[in-house]
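*Asks:* Please find one structure pasted underneath; my questions will follow.
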Amino acid sequence: MVRDILLFLIDIVFSLFGIALILRAWIFAIRLHPFNPYSQAVLRVTDWLVQPIRRIVPVSGRFDWPSILACWVTAMIYLLLTWLIAMGGLLPPASAIGAVLLTGLLVGLKWLFNVIVWVTLIQAVLSWINPLSPVMPVLYTLTAPLLDPIRRILPRMGGLDLSPLVLLVVAQIVMMILNHLAFSTFGV
Numbered sequence: 257m258v259r260d261i262l263l264f265l266i267d268i269v270f271s272l273f274g275i276a277l278i279l280r281a282w283i284f285a286i287r288l289h290p291f292n293p294y295s296q297a298v299l300r301v302t303d304w305l306v307q308p309i310r311r312i313v314p315v316s317g318r319f320d321w322p323s324i325l326a327c328w329v330t331a332m333i334y335l336l337l338t339w340l341i342a343m344g345g346l347l348p349p350a351s352a353i354g355a356v357l358l359t360g361l362l363v364g365l366k367w368l369f370n371v372i373v374w375v376t377l378i379q380a381v382l383s384w385i386n387p388l389s390p391v392m393p394v395l396y397t398l399t400a401p402l403l404d405p406i407r408r409i410l411p412r413m414g415g416l417d418l419s420p421l422v423l424l425v426v427a428q429i430v431m432m433i434l435n436h437l438a439f440s441t442f443g444v
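Here is the structure:
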């Protein structure tokens, strides 16, 4: 039981931190104003890890490589801690290093699609109950690059926008595939 509680806590803490790193990279990619209070919160939570990496790995174009690399490292540490707890303190064999590297990438991608699901879901619900919420412009800015291509393909249905539903279904399918791949690669 203690092991299950530890695994649960590690999953929550590392997933939330990985999601914060993904949000940081996403905020950078869409050029959300850095003085936005939501941007500030994400930057403050992640600066301790991203800033040292930024001295070694430069940012290029729209990609915040230090944040992406920090997310990958976080995912690998998460996998190793999960392994240690699940296996009673035994380290994974040296031959599993490639699996850890690949599974870390898959876990980071799973976190990315988890963020897409939650941001889209929150925006959809808020658009119904409180479309003038102060967070709506941020949510719209985050989701517009994902929803606009779907809106161009879907037929117009009056005032009903089905693009968030399509994005949610696609993101859930991708998360299922990534989860299956991660489990088959490293047993997570």
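First residue of the sequence shown: 257, per our numbering; consecutive thereafter. Note that CB positions come from ideal geometry on N, CA and C, so glycine has one too. All figures in this text were calculated on a predicted structure; none of them were measured in a lab.
With a threshold of 7 Å on Cβ separation, who are the neighbours of S419 within its own chain once the five nearest residues in sequence on each side are excluded?
*Replies:* Closer than 7 Å at Cβ, skipping near neighbours: L403, I406, R407, L410.
*Asks:* Just grab the DSSP bridge partners of S316 for me.
*Replies:* The partner list for S316 (beta bridge, DSSP) reads F319.
*Asks:* Could you have a look at L416 and say whether DSSP puts it in helix, strand or coil?
*Replies:* Of the three classes helix, strand and coil, the one that applies to L416 here is strand, per DSSP.
*Asks:* Which runs of the alpha helix (DSSP H) spanning at least 4 residues fall entirely within the stretch 281 to 349, listed in chain order?
*Replies:* List check, alpha helix (DSSP H) in window: 293 to 310, 321 to 342.
*Asks:* Compare the Cα-Cα distances from A326 to each of V258, A342, P308, V430 and report the closest residue.
*Replies:* Nearest C-alpha to A326: P308.
*Asks:* Within 10 angstroms of the Cβ of A400, are there 16 or more other Cβ atoms? Answer buried if so, exposed if not.
*Replies:* A400 comes out exposed.
*Asks:* Mind checking whether S271 and W367 have CB atoms under 8 Å apart?
*Replies:* The answer is yes: Cβ separation under 8 Å.
*Asks:* Rounding to the nearest angstrom, what Cα-Cα distance links L388 and L279 in this structure?
*Replies:* Approximately 22 Å, taken between the alpha carbons.
*Asks:* Rank V425, V356, I286, D267 by C-alpha distance to the C-alpha of G317 and give the top, closest one.
*Replies:* The option with the nearest alpha carbon to G317 is I286.
*Asks:* Tell whether a beta-carbon distance below 8 Å holds between I447 and R259.
*Replies:* Nothing about residue 447 can be reported from this structure: the residues present for the chain run from 257 to 444 only.
*Asks:* With a CB to CB cut of under 6 Å and the five nearest residues on each side skipped, what residues in its chain are close to S323?
*Replies:* Excluding residues within five positions, the ones whose Cβ falls inside 6 Å are L277, R280, A281, V306.
*Asks:* Please classify V375 as buried or exposed, where buried requires at least 16 other C-beta atoms within 10 Å of its C-beta.
*Replies:* Label assigned to V375: buried.
*Asks:* Taking L403 as part of the alpha helix (DSSP H), name the residues at either end of that continuous run.
*Replies:* Run containing L403: 392 to 409, per the alpha helix (DSSP H) assignment.
*Asks:* Indicate whether I312 and S295 have their beta-carbon atoms separated by less than 8 Å.
*Replies:* For I312 and S295, no; Cβs fall outside 8 Å.
*Asks:* Could you give the first and the last residue of the continuous alpha helix (DSSP H) run that contains N370?
*Replies:* Segment 353 to 385, the alpha helix (DSSP H) holding N370.
*Asks:* Quick check: what's the CA-CA separation for N333 versus L288?
*Replies:* Here residue 333 is Ile; the residue named in the question, Asn, does not match the sequence. Taking the straight line from one Cα to the other gives about 29 Å.
*Asks:* Return the residue from the list V371, A331, V363 that minimises the CA-CA distance to H436.
*Replies:* Checked all of V371, A331, V363; the closest Cα to H436 is V363.
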